[in-house]
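Below: one structure, written as structure tokens.
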Amino acid sequence: MKWQNALKNYQLYLKIERGLSKNSIDNYTLDIKKLMRYLEENQISESPISITSEIVQQFIYELAKQANARSQSRIISGLRSFFNYLIFEDYREDNPLELIESPKIGIKLPDTLSEKEIDSIINAIDLAQEYNSVKIGERNRAILETLYGCGLRVSELVNLKLSDLFFDEGFIKVTGKGDKQRFVPIVDATKKYINIYKNEVRPTIHIKEGYEDTLFLNHKGKQLNRAMIFTIIKQLAEKIGLKKSISPHTFRHSFATHLLQNNADLRSIQLMLGHESITTTEIYVHLDKSHLTKVVQQYHPRK
Numbered sequence: 277m278k279w280q281n282a283l284k285n286y287q288l289y290l291k292i293e294r295g296l297s298k299n300s301i302d303n304y305t306l307d308i309k310k311l312m313r314y315l316e317e318n319q320i321s322e323s324p325i326s327i328t329s330e331i332v333q334q335f336i337y338e339l340a341k342q343a344n345a346r347s348q349s350r351i352i353s354g355l356r357s358f359f360n361y362l363i364f365e366d367y368r369e370d371n372p373l374e375l376i377e378s379p380k381i382g383i384k385l386p387d388t389l390s391e392k393e394i395d396s397i398i399n400a401i402d403l404a405q406e407y408n409s410v411k412i413g414e415r416n417r418a419i420l421e422t423l424y425g426c427g428l429r430v431s432e433l434v435n436l437k438l439s440d441l442f443f444d445e446g447f448i449k450v451t452g453k454g455d456k457q458r459f460v461p462i463v464d465a466t467k468k469y470i471n472i473y474k475n476e477v478r479p480t481i482h483i484k485e486g487y488e489d490t491l492f493l494n495h496k497g498k499q500l501n502r503a504m505i506f507t508i509i510k511q512l513a514e515k516i517g518l519k520k521s522i523s524p525h526t527f528r529h530s531f532a533t534h535l536l537q538n539n540a541d542l543r544s545i546q547l548m549l550g551h552e553s554i555t556t557t558e559i560y561v562h563l564d565k566s567h568l569t570k571v572v573q574q575y576h577p578r579k
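Numbering-wise (the numbering used here), the sequence shown opens with residue 277 and increments by one.
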């Protein structure tokens, strides 16, 4: 079996059997292609069926010279998954990464913004800003209010539909990783800014065929891409002189952190964020140890 054939079959497996999103499949693919490129550059002709643990160990050794511990760990995990797939399909009997340990990494605490910093960024938006007669300032405010107000991933934001808005019931329907859907509560302030955009700005856009139900559009009437959301946030951060390195995900982290700081329970936050495991949500506990102190002082019987 050739590498390209094995990779194509693995991608189908990830999509159909495991139901992973395109972004997740692309990340797994990138890890395997790194190994393929290493083999090609070093003129190693081993196939996915015959490659040995010694060759993979040498690849990991070279990788360690240019990638940090977190990146190494992710790539090792991705390759281990690929070779487990080959075992599952009876192409191999062993996993060449079985005895390879991932480098130890500490907990990476997500960057967050304070409520004041959130307000400063949103207030920096020029609401009068237009592009081709489209009030993109109003649109950008609705975008950031939705990111922060609902704790969405950037991919979830750009894929929001008009038909996903259930304002009368107080929810929006979000399609997350693996096309799993969840309902997220939406506060009045966020509804207000979405409605301003939806009722006053969106009707001025000449919408292209196929995007009639897409909520957030660019000035050409098509769905915004992820890169555009990153650019909007980066420009606003520079405008207010913010020294932190932030991204759309920073608003999601801030959403979760501020809920926790205001005594929301982890299980509720988990459901709103769409985390499969509460272990993922628990990372927010590490952001503010004072929250744990408050919980003990308030709820312990011997306080």
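Backbone N, C-alpha and C fix where the C-beta goes; we use that ideal spot for every residue, glycine too.
Query: Taking the straight line between their C-alpha atoms, what separation do you get for leucine 519 and threonine 388?; Result: A small correction: the amino acid at residue 519 is lysine; leucine does not occupy that position in the sequence shown. About 12 Å.
Query: To the nearest angstrom, report how far apart isoleucine 462 and phenylalanine 443 are at their CA atoms.; Result: 8 Å
Query: Going by DSSP, name the residue or residues bridged to isoleucine 448.; Result: Leu441 and Val460
Query: Quick check: what's the CA-CA separation for leucine 290 versus glutamate 330?; Result: 27 Å
Query: Return helix, strand or coil for leucine 493, following the three-state DSSP convention.; Result: strand
Query: Exposed or buried, arginine 528, counting other C-beta atoms within 10 Å across all chains shown (16 or more means buried)?; Result: buried
Query: What is the C-beta distance between threonine 490 and lysine 437, in whole angstroms, given that I count them as a contact (C-beta under 8 Å)?; Result: 6 Å
Query: Pull up the DSSP beta-bridge partners for valine 410, would you.; Result: Tyr407
Query: Find out if the Cβ-Cβ distance for the pair arginine 415, phenylalanine 358 is shorter than 8 Å.; Result: no
Query: Taking the continuous alpha helix (DSSP H) assigned at glutamate 374, which residues delimit it?; Result: Taken as a continuous stretch (DSSP letters only), glutamate 374 belongs to no alpha helix (DSSP H), as it is neither H nor E.
Query: Cα separation between valine 460 and isoleucine 351?; Result: 32 Å
Query: Is isoleucine 481 near glycine 497, with beta carbons less than 8 Å apart?; Result: yes
Query: I'd like the ranges of any alpha helix (DSSP H) spanning at least 4 consecutive residues and lying wholly in the segment 340 to 367.; Result: 345 to 364
Query: Between tyrosine 361 and isoleucine 412, what straight-line distance do the alpha-carbon atoms span, to the nearest angstrom?; Result: 46 Å
Query: Tell me which residue opens and which closes the alpha helix (DSSP H) that serine 326 is part of.; Result: No alpha helix (DSSP H) holds serine 326; DSSP gives it neither H nor E.
Query: Based on Cα-Cα distance, which residue from Gly427, Ile448, Asn494 and Pro524 lies nearest to glutamate 406?; Result: Asn494
Query: Counting C-beta neighbours from all protein chains within 10 Å, is the total for threonine 557 16 or more, i.e. buried, or is it exposed?; Result: buried
Query: Could you tell me the distance, in whole angstroms, from the CA atom of glutamate 476 to the CA atom of isoleucine 325?; Result: 59 Å
Query: Pairs of beta-carbons, one from the segment 294 to 302 and one from the segment 337 to 352, closer than 8 Å: are there three or more?; Result: no
Query: What is the DSSP secondary structure of glutamine 287, counted as helix, strand or coil?; Result: helix
Query: Measure from the alpha carbon of glutamate 293 to the alpha carbon of each residue in Phe364, Lys309 and Asp307, then state which is nearest.; Result: Phe364
Query: Between isoleucine 505 and the ligand NAD, is the CB less than 7 Å from at least one heavy atom?; Result: The ligand NAD is absent from the structure shown, which contains no ligand whatsoever.
Query: Quick one: what's got a C-beta closer than 7 Å to serine 523's C-beta in the same chain, skipping five residues either side?; Result: Phe506 and Ile509
Query: Leaving out the 5 sequence neighbours to the left and right, which residues in its chain are closer than 7 Å to lysine 449 when beta-carbon positions are compared?; Result: Asp440, Phe442, Gln457 and Phe459
Query: Can you give me the start and stop residues for the alpha helix (DSSP H) that aspartate 307 sits inside?; Result: 298 to 317
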